[in-house]
Each structure stands twice: as structure tokens, then as C-alpha cells.
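Below you'll find the structure, written out as C-alpha cells, and then a few comments.
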Amino acid sequence: MSAHGEPVAMTARRSGPLRGVAEVPGDKSISHRSLILGALAVGETRVTGLLEGQDVLDTAKAMRAFGAEVTRLGAGEWSVHGVGVGGFAEPAEVIDCGNSGTGVRLIMGAMATSPITATFTGDASLRKRPMGRVTDPLALFGARSYGRKGGRLPMTVVGAADPVPVRYTVPMPSAQVKSAVLLAGLNAPGETVVIEKEPTRDHSERMLRGFGAEVRVEDTTEGRVITLTGRPELKPQTVAVPRDPSSAAFPVCAALIVEGSDITVPGVSQNPTRNGLYTTLVEMGAEIEFQNPREEGGEPVADLRVRFSALKGIEVPEERAASMIDEYPVLSVVAACAEGTTVMRGVKELRVKESDRIDAMARGLEAMGVRIEEDEDTLIVHGMGAGGVPGGGTAKTHIDHRIAMSFLVLGLASQKPVSIDDGSPIATSFPVFEGLMRGLGAEVARTGA
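Residue numbers (UniProt numbering): 1 to 449.
Written out as C-alpha cells, the structure reads:
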């Protein structure tokens, strides 16, 4: 059952060649951060290309609750009048972050060093996700949190009245945890230091600098050391949000496995901390051209031209996991359509996403006739070659947008249609997915529509 209303059953059928231009939405990670940092700046921040999926809209609503003036000016164009670092007001209502782990964890960080109290909740999926990984380091600043057993939502966070700076080593690769600590460090005196043993997406560091914070990044024997000087006056910015590489993954992977396809996906972020999937696909034999490389809004971007390709299974380097953690579900679909075996190790973080994504993909692929092996930290897919996946089953999405879209992509190339029990969560990150894919020629429809 969807947390977004009645479940929306959907089916994808074997399609003819996909052709055309796929204009995917703005990057979700940068969209969240542009609203939060705009709310912490003094003056008006203008954002263009903002992803208007439900996750980001929930963050916009939360920033209003903390006192910022957040206004939609037009499609993807928003204005944020910020209240300054330490200027958050205490919200009168519970902050509902819907399905968004990024939203709730970053917002907790942003308010944790102000003397205010806020209660957070979310949908059924988000209420299952662990928050201790964020509230533990926030406690070092002096914040207190009270949640359900296992550190789960609903949760009340009492911000620190007299915060102290911290030095924190992130125990797992997590851009959400790193970013929450850095945002908390904004209103703490002195220097807050975050150490990550494996680099994760660096949008927070880039954007904090852009808004005027002093951020130093050094590679040391300890790992990647990020130092933030607290209590800056953040300056409002004009933020041009690049297109989301995680959303682009779905039309890209569909084109690779649907025979005869040839599509272009313009303006996709090529941030090196986010492009692990594309590196992996090229290693598998994908025909992807990275055209017109350039910089937009401080992020490297390129236009991708993607053609149907004969793909082979590979072993994905474990150290690449942090740069493609959200893309493993759709990669496992590509792996099912490749020749040979694809081995994905170091992916245990997938088990605490919107769903247990290892289990969701394994069970769903098995229902489509694909042989799978798994353990706590590994997913192995035995490929069946182009057009070789039988299909014909129904996959459970577990209120997870990426699971839903991944199986719809599979159905475009499988022998028999692939159905999903609920496509409504797709709206959290990619509200135009269905129309965009159908515009390329994909046979995707709501059941009974």
C-alpha cells in the first residue's frame, strides 16, 4: 500500500526503439540543499531548475515552517528569503518529510545548533529508516533527540542552546550524515571537522563555499578531512540546478537494453562523486558519448548520447559504491540483460534506503526469471543477454521510487510484460517519468489506463 494515497499499479511492455531527447528533472540532492542553504542565508536566493518532486516540495514546506519565505515563481523557478545562520524559528507544527531521508537528515542538522525544538515524521517507509546515524553526531554539538525504538521517526530534536564544534569521523559512507554535521557546524563556534574514509557526493562542500562559508578539504592518511569555520554570514545566491544523474539513469539504461534505441539526455551532472554508474556502464560495453562538457552552477555537466549496446557482466569495484549507491537497482536490471555475471559488493547501505533494495531487487528479478545470489553486502546478477529476460511477473516496490522505475525499465526489454504493484512513489523524485518515457516510445502505462 502506498503512503501517497491509493496504490497505482503499472505495467511496462517490450518496446520498439527509444528515440528522442529525454529532459530529466533537476538534481534532487542539489535541490534540497539550495532550499536549506537559501533559508540559512541573509537575503533572497533564486533557484532555477529545481526538482519539483514531492521530496523537495516537503523540504520547501519545512523551510517555511522554520521561518524562511519560500515562493514558487514558475516552473522550476523559486525564491527563498533566508533568516540567516542561527535564525530558524521554532516550528508550530510537526515537520513531515514524506519519503525523504535526505530532507529529514539535512534539516535535523540545520536546526540542531539553534535553541529550538522540532518534531519530525514521514511516511511509512521513512519511519522505518535509522536516524541514529545523524542524531548521534548531532548529540556531540549538544543537541538531544527523542524518537521511537531504534532511533526512528517520529522524533523530536531539541537544538543545542550553547553548541560546541565537533570533530567527527563518519562510520559509513554517507553524504547525508556528512552534510547534516556540516550544516550543524554552521551555527557552532570555531571549526567543525568531518572525516570520511571514503569520499561521498560533495554537493554540500561545493554549495557551502558558493554561499560564502569557509570550507577546506584535504586528503590525508585519515581519509578526506572537511573543515568548516562556524558562524559565517551566508550570502544569497543564484543557483542553477543541473539535471539529476540518478534520474537520468532510467532513460539511459532503458536505451541501452531496448534494441535499436538512440536517445540524448542533455545537461546531466557529471560530478565525479556521482558518476559511478556511467563509468560502470561504459566498462560493461555501453555506447555512451559525453558531449559538450561544460560547467553550470558550479557543477560539471554534459549531454549524453546513448545507443542500444551489447553489454557484458563485470565485477563492480567495491570502492565505487558511494558514487553510485542510488543507481544499483537500475544497474541490476541492466545486468540482467547483459551477457555473463555482474557482481556488486560493498552495497549493504542499500538495505537501509527507502526499502531494503537488495532484497527488493533480488525478489523482483527472481519473479522475472533471473538468477540472483545475495548476502548482507553483495548482490550478484546472472545475466540472460539482450532480450533474454522472461518477465511476466509483478514486482513489489515497497514504497520505493527507484525500485518502481527500475522494474518498469526492465519491462521494456523483457519477453513478457513486467508489472509493479505501486508506481505512486515515483512522484517523490521523478514526477514526469511516465510522460518522458512514453515520449521516447516506451510502452509504459497504468494498469487499466
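Each residue gets a CB set at the ideal place from its N, CA and C atoms; glycine is no exception. What you are looking at is a predicted structure, and each value in this text was computed from that prediction instead of being measured.
In the displayed model, Leu18 falls within coil according to three-state DSSP, outside both helix and strand.
Residue environment for Thr342: buried (at least 16 other C-beta atoms within 10 angstroms of its C-beta). Here the alpha carbons of Gly67 and Ala41 stand approximately 12 angstroms from one another. Here the alpha carbons of Lys416 and Met108 stand approximately 45 angstroms from one another. Excluding five sequence positions before and after Leu140, the CB atoms of its chain that fall closer than 7 angstroms to its own CB belong to Val166 and Tyr168, given in chain order.
Buried is the label assigned to Ala362, since at least 16 other Cβ atoms lie within 10 Å of its Cβ.
Nearest neighbour of Val409 by Cα position, chosen from Ile380, Leu436 and His398, turns out to be Leu436. Sorting Ala175, Ala161, Thr192 and Phe407 by C-alpha distance to the C-alpha of Glu349 places Ala175 at the top. Around Thr135, the same chain offers Met108, Ala143, Ser145, Gly147, Gly151, Met155 and Val157 as residues with beta carbons nearer than 8 angstroms, after the five sequence neighbours per side are excluded. Using a Cβ-Cβ distance cut-off of 8 angstroms, the stretch 236-247 and the stretch 390-401 are not in contact, since fewer than three pairs of beta carbons, one from each stretch, lie closer than that value.
Around the beta-carbon of Val282, fewer than 16 other beta-carbon atoms lie within 10 Å, marking it exposed. Counted as a single uninterrupted DSSP element, the alpha helix (DSSP H) harbouring Asp359 occupies residues Arg357 to Ala367. Ala75 and Glu69 have their C-alpha atoms roughly 18 angstroms apart. In the assembly as shown, Leu73 is an exposed residue. Its beta-carbon has fewer than 16 other beta-carbons within 10 Å.
In the DSSP annotation of this structure, the continuous segment of the alpha helix (DSSP H) that includes Ser406 starts and ends at His401 to Gly411. Excluding residues up to 5 positions away in sequence, Val177, Lys178 and Glu196 lie with their Cβ nearer than 6 angstroms to the Cβ of Val170 in the same chain.
When secondary structure is reduced to three states using DSSP, Val164 falls in the coil class, being assigned neither helix nor strand. Judged by DSSP in its simplified three-state form, Met437 adopts helix. Cβ neighbours of Thr200 within its own chain (closer than 7 angstroms, five residues either side excluded): Pro173, Ser174, Ala175, Lys178, Thr273 and Ala322. Beta-bridge pairing by DSSP links His81 to Glu44 and Glu69. The closest CA to that of Glu90, considering only Ala118, Ile325 and Leu277, is found on Ala118. Distance from the CA atom of Ile288 to the CA atom of Ala367, rounded to whole angstroms, is 30 angstroms. For Lys353, the three-state secondary structure derived from DSSP is coil.
For Gln54, same chain residues with a beta-carbon under 6 angstroms away, outside a window of 5 residues either side, are Gly98, Ala427 and Thr428 in chain order. Rounded to the nearest whole angstrom, the CA to CA distance from Gly364 to Pro425 is 17 angstroms. Out of Pro115, Trp78 and Lys61, the CA that lies nearest to the CA of Gly86 is found in Pro115. Between Arg127 and Leu153 the beta-carbon gap is near 5 angstroms, inside 8 angstroms, which marks them as a contact.
For the set Ser15, Leu277 and Arg14, the Cα lying nearest the Cα of Arg320 is the one of Leu277.
In this structure, the CA atom of Glu77 is about 44 angstroms from the CA atom of His382.
In the same chain as Gly369, and ignoring 5 residues on each side of it, the C-beta atoms closer than 8 angstroms to its own belong to Met384, Val389, Pro390, Gly391, Gly392 and Gly393, in chain order. Within the stretch 234-260, the complete alpha helix (DSSP H) runs of at least 4 residues fall at 245-257. Contact between Met344 and Thr378 holds, with the beta-carbon distance rounding to 7 angstroms and staying under 8 angstroms. The shortest C-alpha to C-alpha distance from Ala39 to any of Ala9, His81 and Thr264 is the one to His81. Gly387 counts as exposed, since fewer than 16 other C-beta atoms from the protein chains shown sit within 10 angstroms of its C-beta. Of all alpha-carbon atoms in Pro17, Leu51, Val21 and Ala9, the one lying nearest the alpha-carbon of Arg33 is that of Leu51. Assignment of alpha helix (DSSP H) within the stretch 267-337, counting only whole runs of 4 or more residues, yields 276-283 and 328-336 in chain order.
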